[in-house]
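Undergrad: This is the structure, below, for whatever I ask next.
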Amino acid sequence: GNMSGVRLSGYNANLGESKFLEVDKREQDTLKRIHYLKRYRKMSMGAIARELNQNGVPTKRGGRWYPGTIKLILDRGTSKFKVEELNRNGESSLV
C-alpha cells in the first residue's frame, strides 16, 4: 500500500490563529509501544503490526498496521519528536 501519508508523530497540528502542536496522547502511547516492542521484545516489523492489529490499535487514519508502516516510524527515529518510552524496569524515560 501507499505509505507516503504516514503521519504518526504524537502531535496534532492546531492550525488556528496561534498555530501550534498539540500532544496526541493516544498517538504517543502507540509510538511508545512500537519502540518498546522493537527495542526490548526484539519483535520484527511484521510481528509489531500483527500485535497492534490484534489489539485493535488504530492507525492515525483508523486503518490497519503494516510492516512497512512500522519500518517508516522506526526509521524516522525519535529525533523529530520526544517519545516517553518504558525502560526495562517499566519506568518512563525520554529517549
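Just so you know, the UniProt record's numbering puts 63 at position 63 of the sequence shown, and the rest follows in order with no gaps.
Here a beta-carbon is modelled for each residue, glycine too, at the ideal position from N, C-alpha and C.
Please read all numbers here as calculations on a predicted model, not as lab measurements.
What are the boundary residues of the alpha helix (DSSP H) that includes Thr-69?
TA: Here residue 69 corresponds to residue number 69 of the sequence shown, with the count starting at 1. Run containing Thr-69: 67-76, per the alpha helix (DSSP H) assignment.
Undergrad: Would a C-beta distance cut-off of 8 Å place Glu-51 and Leu-37 closer than the cut-off?
TA: Mapped onto the sequence shown, residue 51 falls at position 51. Mapped onto the sequence shown, residue 37 falls at position 37. Cβ atoms of Glu-51 and Leu-37: closer than 8 Å.
Undergrad: Could you give the distance in angstroms between the alpha-carbon of Arg-64 and the alpha-carbon of Ile-70?
TA: For the purposes of this step, residue 64 is taken as the residue at position 64 of the sequence shown. For the purposes of this step, residue 70 is taken as the residue at position 70 of the sequence shown. Near 11 Å, if we compare the C-alpha coordinates of Ile-70 and Arg-64.
Undergrad: Kindly list the residues whose CB is nearer than 7 Å to the CB of Asn-89, restricted to its own chain and excluding five residues on each side of it in sequence; keep chain order.
TA: As a first step, residue 89 is located in the sequence shown; it is residue number 89 there, counting from the start. Only weak support exists for where Asn-89 lies, its pLDDT of 49 falling under 50; the coordinates are left without a value.
Undergrad: Does the distance from the C-beta atom of Tyr-66 to that of Ala-49 stay below 8 Å?
TA: Position 66 of the sequence shown, counting from 1, holds the residue named residue 66. Position 49 of the sequence shown, counting from 1, holds the residue named residue 49. For Tyr-66 and Ala-49, yes; Cβs fall inside 8 Å.
Undergrad: Following the continuous alpha helix (DSSP H) through Gly-46, name the residue where it begins and the one where it ends.
TA: Mapped onto the sequence shown, residue 46 falls at position 46. Unbroken alpha helix (DSSP H) run through Gly-46: 45-54.
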